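In my numbering, each residue's number is its place in the sequence shown (first place is 1) plus 5. One structure is given here, and the rest of the page talks about it.
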Amino acid sequence: MGSKFLQMVLKSKLSSAEADSAEVFVPAGILAPDYPANSLAGEFLLRDPLSGDPLSGASLPGDLLPGDLLPGELLPGSDVLASGACGSRGCGTGSASSGFAPSDSVLPNSAPSDFAPSGSAPSGSARSASASFSSLSGVTSAVSGPADLPPFERFALGVYPFLELQPFHRAYYRVLEAFAAGRVRRLIVTMPPQHGKSVGATTLLPAYVLGLDPDQRVAIASYSGALASKFNRRVQRIIESREYAAFFPATTIKQGSKPPSYIRTADEVEIIGCRGGLLSVGREGSLTGNRVDCFLLDDLYKDAMEANSPLVRENCWEWYTSVVRTRMHNDSRELLVFTRWHEEDLIGMLRQREPVVELRMWEDLERVSADGWLALNFEALKTTPPSAIDPRAAGEALWPARHDAALLHAKRALDPLRFECMYQGRPSVREGLLYGDQFAEYDALPREIVRRANYTDTADTGDDYLCSMSYAVDTDGTIYVTDLVYSREGMEVTEGLVADLLLRSDTRTAAVESNNGGRGFARAVQRLAPAVRVEWFHQSANKEARILSNSATVLHTLRMPRGWNLRWPELYAHLTTYRRQFHANRWHDAADVVTGIVEREVGGGRRGQCRALSFLTRRE
């Protein structure tokens with residue numbers, strides 16, 4: 006009798022409006038004859054069980070198939086033998102006295118082991134049972150078998166249909182998906198402000214991770230506890246939505262006061278029937294006693310004032326090492342998503358101490374070591390070459406509909422160093438800079454040009470840059486840089502590049518430092534550009550003393566073409582961030598060349614020590 010009654014209930018229908026408000030209760034002992042093996046122990050409350058006559062065929066929305074949940078909430082207090090709503094994944098047992106898990110299903114004609122109710126299901130949602138999971142790789146239903154995991158982008162649009170995804174968002178979400186799936190364990194993402202970094206990383210991503218594996222303990226950290234709590238509440242609203250339930254029916258959280266034994270606050274929420282949950286904490290907060298499987302750190306500095314404070318930066322580093330790192334284990338993951346403020350912020354400190362691989366190709370997602378970081382930087386204005394991840398051409402804005410190139414250039418003009426830091430992801434401090442952003446720029450060469458020349462410094466080591474700079478000098482002695490090569494390629498490549506540079510810039514004479522294989526380099530360039538007088542010379546003066554003593558002269562006499570930051574972004578970054586503290590600089594090549602140019606053109610240079618090689622032309 007009870008079994009037939011239940012089957013008729015499962016085939017009945019309600020309007021969607023009725024289903025939203027309906028609470029379903031089954032009379033006590035109705036399942037006992039067919040499920041003797043303690044599949045449901047205890048009694049369900051007998052209360053006006055269904056809206057309408059359950060025998061009329063019009064009681065539930067749609068046809069509920071075996072494995073579907075009854076819409077409504079099963080009240081806490083109904084005793085249930087719960088072996089864990091997550092089956093073979095080994096989830097927590099839930100609370101036998103507190104209610105029912107999201108996967109609590111009524112499965113007619115099924116073995117008792119096909120379901121193990123525990124926890125509470127949200128009102129008004131029909132969810133399929135999930136009995137076993139493979140962590141981060143698949144979800145198995147007791148009825149339907151493995152289910153397809155949704156791509157992160159599809160999930161994001163499903164729960165936030167209002168999103169306006171740009172090409173860089175799709176690349177960003179693809180990387181976040183790899184992180185959520187465990188293919189990347191340590192990830193750094195830098196992005197300009199107001200470009201959607203937090204929506205992806207600290208709103209959508211935690212919900213997605215908990216959907217893939219409800220046993221995960223996820224923590225969100227930000228510069229303040231209030232902001233971290235704001236992210237937490239957003240995630241909770243996503244999880245309790247109908248759209249989320251369609252993707253991840255097994256991941257549910259407390260609704261109101263039910264079930265009472267689970268935690269749900271603005272700072273912490275637990276997944277019903279599983280071991281996972283979401284924590285939020287401010288930069289100064291504690292996580293004592295909590296393990297963290299996935300740590301998401303979003304903007305640990307409030308503003309430039311905080312980031313420029315040595316005390317705040319030190320406190321942030323201390324908190325990271327004493328709180329974040331101590332809560333993590335071998336399989337833990339961490340994501341840092343920042344707008345850069347300072348070269349010695351948390352990302353800068355980690356870059357100094359741990360290996361970091363720049364994400365340039367999609368293949369790099371599979372090449373990061375377990376102890377290394379993968380770093381992805383989105384420039385507001387593109388300066389690096391196009392790639393599969395960021396195919397923009399030089400000068401293109403990241404999100405033109407919101408922040409077009411004209412607006413970004415205006416921001417750059419107000420504060421170039423701040424722009425390079427916040428919008429380009431290349432931070433530097435103003436204190437201690439040798440040149441900074443003080444280089445003068447020109448729009449067109451003057452008519453009176455008295456000399457066209459070139460200065461080349463070959464690479465010292467494999468990590469150094471070859472810098473070859475062509476320039477023009479006017480009647481007043483002002484120096485105008487016209488073209489250059491700045492490359493870490495081998496000499497077999499740069500010899501041809503420099504020769505081409507000399508020819509297209511109409512260079513008459515070229516000087517090459519011979520200290521680091523420059524003599525052979527000069528001979529090779531001379532053969533490739535026989536019309537140019539190529540000279541080589543030995544630079545014996547101390548490099549540090551030369552660069553520091555000539556810095557004022559460089560800024561006074563040398564001019565760069567307008568837009569040189571886009572034309573030669575690496576050179577621009579290395580010159581504008583060059584430090585007075587000589588040994589704090591990684592690369593000296595660009596500074597050495599601009600110094601050499603003013604030595605030759607303003608101070609008379611070392612012309613007497615140069616040796617011409619034009620006689621070598623075609624002597625072989």
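Ideal Cβ placement from N, Cα and C applies to all residues, glycine included. Owing to the predicted nature of the structure, the values given are computational and were not obtained by experimental measurement.
Original post:
alpha helix (DSSP H) containing cysteine 426: first to last residue?
Top reply: 421-427
**OP:** Can you check DSSP and say which residues form a bridge with tryptophan 378?
**Re:** Val361
**OP:** Report yes if the C-beta distance between proline 155 and glycine 163 is below 9 Å; otherwise report no.
**Re:** yes
Subject >> Burial state of tryptophan 359 (16 or more Cβ within 10 Å) >> reply: The sequence given here places glutamate at residue 359; tryptophan does not occur at that position. Looking at its Cβ environment, which holds fewer than 16 other Cβ atoms inside 10 Å, glutamate 359 is exposed.
Subject >> alpha helix (DSSP H) runs wholly inside the stretch 509-572, at least 4 long, in chain order >> reply: 523-533, 548-554, 556-562, 569-572
Original post:
Could you give the residue range of the alpha helix (DSSP H) that holds valine 317?
Top reply: 315-324
**OP:** Confirm, please, whether the CB-CB distance from leucine 341 to methionine 192 is below 9 Å.
**Re:** In the sequence under discussion, the amino acid at residue 192 is leucine, which differs from the methionine named in the question. A contact, by the Cβ cut-off of 9 Å.
Original post:
Straight-line CA distance for proline 390 to glycine 278?
Top reply: 49 Å
Subject >> the stretch 545-559 contacting the stretch 429-448, beta-carbon criterion three pairs below 8 Å >> reply: yes
Subject >> Other residues of its chain near valine 240: CB distance less than 7 Å, five sequence neighbours each side excluded >> reply: Thr208, Pro211, Ala212, Leu283
Original post:
Looking at aspartate 303 and phenylalanine 343, is the spacing between their C-beta atoms short of 9 Å?
Top reply: yes
Subject >> Nearest to arginine 188 (by Cα), restricted to the options Pro219, Glu371, Arg532 >> reply: Glu371
Original post:
Residues bridged to phenylalanine 300 by DSSP?
Top reply: Ala224, Glu339
Original post:
Would a C-beta distance cut-off of 9 Å place leucine 364 and leucine 379 closer than the cut-off?
Top reply: yes
Original post:
So, are the CB atoms of valine 517 and leucine 502 less than 9 Å apart?
Top reply: no
Original post:
Beta-carbon of threonine 257 versus every beta-carbon of chain D: anything under 9 Å?
Top reply: In summary, chain D is missing from the structure at hand, where a single protein chain is found.
Subject >> Beta-bridge partners of tryptophan 404, as assigned by DSSP >> reply: His408
Original post:
Given arginine 179, which residues of its chain have a CB within under 7 Å of its CB, disregarding the five upstream and five downstream residues?
Top reply: none
Subject >> Distance CB(proline 198)-CB(tyrosine 428) smaller than 9 Å >> reply: yes
Subject >> Nearest residue (CA-CA) to isoleucine 394, options Trp367, Arg564, Glu158, Ile244 >> reply: Trp367
Original post:
If we ignore side chains and look at the alpha-carbon of each, how far apart do alanine 255 and glutamate 339 end up?
Top reply: 24 Å
Original post:
With distances taken from CA atoms, which of Ser229, Leu215, Val274 is nearest alanine 250?
Top reply: Leu215
Original post:
Would you report the Cα separation of alanine 312 and glutamate 348, rounded to the nearest angstrom?
Top reply: 9 Å
Original post:
Would you say phenylalanine 444 and threonine 581 are within 9 Å of each other, going by their C-beta atoms?
Top reply: yes
**OP:** Using only alpha-carbon positions, find the residue among Tyr577, Ala595, Val194, Trp592 that is nearest to glycine 353.
**Re:** Val194
**OP:** List the residues that DSSP assigns as beta-bridge partners of valine 194.
**Re:** Val342, Leu381
Subject >> methionine 474 - partner residues in DSSP beta bridges >> reply: Tyr460, Leu489
Original post:
Can the beta-carbon of phenylalanine 542 be found less than 9 Å from the beta-carbon of threonine 463?
Top reply: no
**OP:** Please go through the stretch 265-309 and give each complete beta strand (DSSP E) segment of 3 or more residues, from N-terminal end onward.
**Re:** 273-275, 282-287, 299-303
Subject >> Beta-bridge pairing of leucine 386 - partner residues as DSSP gives them >> reply: Ala402
Original post:
If phenylalanine 515 and valine 539 are in contact, beta carbons under 8 Å, what's the gap, nearest whole angstrom?
Top reply: Inspection of the sequence shows that residue 515 is occupied by alanine rather than by phenylalanine. Confirmed, Cβ separation roughly 5 Å.
Original post:
Fully enclosed by the stretch 149-218, which alpha helix (DSSP H) runs are 4 residues long or longer?
Top reply: 157-164, 172-185, 210-217
Subject >> Residue(s) in a DSSP beta bridge with arginine 584 >> reply: Leu438
Original post:
Are there 16 or more other CB atoms within 10 angstroms of the CB of arginine 605, so buried, or fewer, so exposed?
Top reply: buried
**OP:** Could you check what DSSP says for valine 598 in three-state terms: helix, strand or coil?
**Re:** helix
**OP:** Note down, in chain order, each residue of its chain lying with its Cβ closer than 8 Å to the Cβ of glutamate 401, except the 5 sequence neighbours on either side.
**Re:** Leu386, Lys387, Ala410
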